[in-house]
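Going by full-length UniProt numbering, the residue at position 246 of the sequence shown is 246; the numbering climbs one at a time, nothing skipped.
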Amino acid sequence: MAFSFGLFELDEAGRVLLCARQEVPLQPRVFDLLIYLVRHRERVISKEELLEAVWPDVTVTDNSLQRAVSALRAALRNGGMDGAIRNLPGKGYRFFLESEIRQPERIDPKQVDGNVGAIGAIGLARRAAAGQLWLQAATLFASADESGQLNAEDFHDWALALQCLGRATAAIPILVRAVAARSQAGDAAGATVDAIALSALHFESGQAAIGKGWLARAEDWASTLDDPPTTALVLWMKSKLAAFDGEPEQALALADAAYTAVRYKDAINIEALSLAYRGFYRLCLGDTHGGLSDQDHAAAVALSSNNLDPIMGGNLYCNILWAARMFGDWARADQWTRSYQNFCSGSGMELTGSCQLHRSEVLGIRGSLDEALSRIQDALGRLTSDAPWSLGDANRVLGDIQAAIGNDDAALEAYDRAYTLGWCPEPGRAMLLLARGEAEAAYASLERSLIGKTWWTLQRRGILLAHLALVAAHTHRTVRAKALICELSGSPDRWPMPSIRALTNEAQAILALSRQDHETAMRHLHLARQLWSSIEGRVQIVRLRLQISSLQLEHGDVRGAMAEVHAAQLLARDLGSPKRLAECLALQRDIDAWQPTARRQMCG
């Protein structure tokens, strides 16, 4: 039986997987896994069923399945469809295609051999690019390039195809040729656009000086034009560099100028992009309501367009996602990571390292820790070339995931790497230190993280302050804890996120316990758990249920303690957290030991 999906053709009988007519090598077990998932794509398949189907009569662990799923996702990533394999925690896996995934236009490979001239090959390349068949387009442009007849627009589309395939480094020399061709032709607007693209690519790869050089060239060309979209594009890029240089007020002014330049000018892409970034800078500077409003407006503008450029669309999604993550808005982050994956699939784009980074952190808070670990490890490999500046952030997220699983040493190692790379590993490192009994070190580390006005500190200030309030309460710094709680709770318009409110409630519970006020402590712990539940922050839900259960047991509420432990166990299993499962079992043993004692006391 043969199947076709996206850019892929799957020949079961011939045991061949093709992507854009090129064979994708798969190990036998991985191929068997793909066949089984595709054949049964109408339902969720349990891990047990997959293990039995792919490894019949062989004893293997879940790790074998996880490795095979990871290898299969890597293979499907070439066609931008690694997101088709969905992991439903506690249930299994499903091969899922969104309804808008289209069947590709097939190009006969014989058409691109020596039987046709260069013009025919160029025509096929242009047709593939127009159809967003990026792998075909890149291959065909490379073949046609030998003729020396590619024009500036061809170079632009070739570079776009490479970027959509996740080959940003390879796109740079092609864009340089595009700029040269446009400059020679007197196309200042086109040269500006491609120079901005070069500036962004160098900026993302950590070559800020070269990026600034290309931006200066773009600005020179744009100054000769009376073209609002081109002007706005330059202003937008200048706003990114200002933010990178730690000048958020200037970044906001530039993004606002970019948006003003194109508002109502029928330039949807740059209008949405500049509006999203204006919202981001507003968030950094404390205008939460205005920032979120801008970003929602930007998304509405972009999604109302049927012609959203893949790279600009990726920038838009990535910016909104970054903001949601930095501000602890996990429900929003989950919605946007799913939307971004669908956008990539619909545009035929390769999922970037940044996208995997975003998704892995969301999964680490809300979903499967196994999948989160797999994605962050994949992100680390990609970011080395895609966006090395964010490797520190990726190691921070890796530390958070390892800590949630229970691999404390691996978590501390990842946090140390993040810090070495110039990235703040908080609040995850501080919370791990607190759990290990190093409360003073945790407090000192969080205090240091708030020093300065870098864009990183500005973005995460609310989350850092909330964790500091919690650790201050644990270290008996009552006055400091109360002041922080008052600052956060007294500014609901600035920090309305449930995650921040949950942490301040937990801090209030710790303060209540220090004065032996059990009833108030329980109320705040339950409120904290409910707030995390509202955004499905399951790692935190398990932790709080265990706290509540332990407190209930101390005060003789055995049934309540048992109910909380049972709920915590179910979540810990779904998450894949051996650490939390072990804590659940230890507390269950305490409950079991307490019950006979209680019965004897009642009988006596």
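Heads up, the beta-carbon is just placed ideally off N, CA and C, and yes, glycines get one too.
The continuous beta strand (DSSP E) containing LEU10 extends over residues 8-11.
As for any beta strand (DSSP E) of minimum length 3 sitting wholly inside the region 526-586, there is none. Comparing alpha-carbon positions, the option among ALA466, ALA567 and LEU292 lying closest to ALA333 turns out to be LEU292. Judged by DSSP in its simplified three-state form, TYR93 adopts strand. For ALA410, the closest alpha carbon among the candidates ARG396, TRP423, GLU146 and GLY422 is that of ARG396. As computed with DSSP, ASN87 is found in a beta bridge with TYR93.
With contacts defined as CB atoms closer than 8 Å, SER550 and SER70 fail to qualify as a contacting pair. Around GLU536, the same chain offers ARG366 as residues with beta carbons nearer than 6 Å, after the five sequence neighbours per side are excluded.
By DSSP's assignment, GLU23 forms a beta bridge with LEU18. When C-alpha distances from LEU275 are compared across GLY286, LYS91, ASN315 and ALA242, the shortest belongs to ASN315. Considered as a whole, the region 181-249 harbours 188-204, 208-222 and 228-244 as its complete alpha helix (DSSP H) runs of no fewer than 4 residues, in chain order.
Contact between the region 508-515 and the region 458-473 is present: 3 or more CB-CB pairs across the two stretches fall below 8 Å. In the three-state scheme derived from DSSP, where H, G and I count as helix and E and B as strand, ALA2 is classed as strand. Under the DSSP assignment, GLN356 falls in the alpha helix (DSSP H) whose first and last residues are 353-366. Annotated three-state conformation of ILE45 is strand, per DSSP. An exposed status is given to SER4, since fewer than 16 other beta-carbon atoms sit within 10 Å of its beta-carbon.
Around the beta carbon of THR352, 16 or more other beta carbons sit within 10 angstroms, so the residue counts as buried. In this structure the region 569-582 touches the region 537-548; the number of beta carbon pairs closer than 8 Å is three or more.
For the pair ILE174 and PHE203, the CB atoms are not nearer than the 8 Å cut-off. Taking the Cα positions, LYS91 is about 36 Å away from PRO388. For ALA121 and ASP220, the gap between their C-alpha atoms comes out near 35 Å.
In the three-state scheme derived from DSSP, where H, G and I count as helix and E and B as strand, ASN407 is classed as coil.
Look at THR475 here: in three-state DSSP terms it is coil, with no helix or strand label. C-alpha of THR384 to C-alpha of GLY556: approximately 54 Å in a straight line.
With at least 16 other beta carbons inside 10 angstroms of its own, SER390 counts as buried.
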